[in-house]
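See below for the structure under consideration.
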Amino acid sequence: MTDLFGAVLSRHRVDTRARWQNAVWALVLAVPTGWLGVWAFGMDDGRSGGGRAIGLVIGLSLGALYVAVTQAWRAVRGGAGEYFEVRERGIVHGSRRGAVGWEWSQVVSITMPGTTRIHGLARRLGNDYRCRLALADGARLRIDGHASGAPGLGRAVVEHSPRARRLEGDEWQERAGGWFLAGAALFLVVGASMVTYLANNADTTRRITDANGMVREETVQGVGDGVIMAVGLSLPVCAVGAITCIVLYVRYLRYRPR
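Here is the structure:
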């Protein structure tokens, strides 16, 4: 069937092995940090003030787990031996499971971010280049930095699909507009509320007189360990969320149509 699309102009193999390696390394990081966070939470008596640190450790574990799942999913979805072929009359996507092709006229839209991430971690995860194709039959193709010669593959798709809609993936920002400020305010209010709650319910010390007349001091825990851990997880999320919303709003003001 793929021979119907003409001669092969270029072939781009996908480094599936790198995806599996990323998934394994991320899982190796996620498991011990997650175990450490859970263990520290169980051992913390609420007096050490380590609730936020525990929350950050668990957050790191969840982030690594997310990377492991996404990298493994891309490897499984693409299949062993995944590749792309640019042909005279269309594009072919295949693996050891088989191949399927689409004519150039079937490429409905091409999404390429205006800016690319070039730091080392992005290259390792294949996020230094991203291109998504929407096809007439509803299929979606994702081209990333794990494909050999990915920029050349993207340029070839653009050249052969002049009628396809060009997107940058951030068109939704124009529709959101001022809602970014509302989101930033919401994140800040939630974060401030949590900090205020902890401050108003800090540990206190009370004096107790026993039957022999001896006076001793006892620390009364104001907030439970579960709440401290939840706040430790939530505060970084609120901070990142607020900063992200502000950056997106500034970007919206800068690039919105005049």
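Per our numbering, numbering through the sequence shown is continuous, rising by one, with the last residue being 1157.
The C-beta atom is built at its ideal place from N, Cα and C for all residues, glycine as well.
Burial state of Tyr1096, where buried means 16 or more other Cβ atoms lie within 10 Å: exposed
Three-way DSSP call (helix, strand, coil) for Ala1129 in this model: helix
Contact belief for Gly933 with Ser909 at Cβ below 8 Å, rounded distance in angstroms: Not a contact, Cβ separation roughly 43 Å.
Going by beta carbon distance, what residues of the same chain come within less than 7 Å of Gly936, once the five residues before and after it are set aside? Ile953, Val956, Ile957, Ser960
What are the boundary residues of the alpha helix (DSSP H) that Ala1091 is part of? 1078 to 1099
Output yes or no for whether 9 Å exceeds the beta carbon distance between Val1006 and Ile990. yes
Let's test the definition: count the other Cβ atoms within 10 Å of the Cβ of Val923 and tell me whether it reaches 16, buried, or not, exposed. exposed
Can you tell me where the alpha helix (DSSP H) with His1059 in it begins and where it stops? 1049 to 1059
Can you check the stretch 942 to 1006 for any alpha helix (DSSP H) of at least 4 residues that lies completely inside it and give the ranges in chain order? 950 to 977
DSSP state of Ala939, grouped into three classes? helix
Contact defined as beta carbons within less than 8 Å: I believe Ala1055 pairs with Val985. What is the distance between those atoms, to the nearest angstrom? 5 Å
For Arg1157, does the count of other Cβ atoms within 10 angstroms reach 16, so buried, or fall short, so exposed? Because the pLDDT of Arg1157 is 49, which lies under 50, any placement of that residue in the model is unreliable, and the number read from its coordinates should be weighed accordingly. By the neighbour-count rule (16 or more Cβ atoms within 10 Å), Arg1157 is not buried but exposed.
With a Cβ-Cβ cutoff of 9 Å, do His1045 and Thr915 count as a contact? yes
Counterpart residues of Thr1010 in DSSP-defined beta bridges: Arg1031, Leu1066
Residue(s) in a DSSP beta bridge with Ile1042: Cys1030
Would you check if the distance between the CB atom of Arg1024 and the CB atom of His911 is smaller than 9 Å? Note on residue identity: the sequence assigns Leu, not Arg, to residue 1024. It is not a contact, given that the beta carbons lie outside the stated cut-off.
Thr1010 versus Val927: straight-line alpha-carbon distance, rounded: 33 Å
Since I believe Ala963 is in contact with Ala929 (beta carbons under 8 Å), could you give me their beta-carbon distance rounded to a whole number of angstroms? 4 Å
Where the beta strand (DSSP E) through Leu1024 begins and ends: Run containing Leu1024: none in the beta strand (DSSP E); it sits in the alpha helix (DSSP H), 1019 to 1024.
What do you get for Val1130, buried or exposed, if any count of 16 or more other CB atoms within 10 angstroms of its CB means buried? buried
Applying the 10 Å Cβ sphere with the 16-neighbour rule, what's the burial state of Leu1020? exposed
What do you get for Asn1241, buried or exposed, if any count of 16 or more other CB atoms within 10 angstroms of its CB means buried? Given a span of 900 to 1157 for the chain in the structure shown, any question on residue 1241 remains unanswerable.
Within the same chain, show all residues whose beta-carbon is closer than 8 Å to that of Glu1067, passing over the 5 residues directly before and after it, in chain order. Thr1010, Met1011, Pro1012, Gly1013
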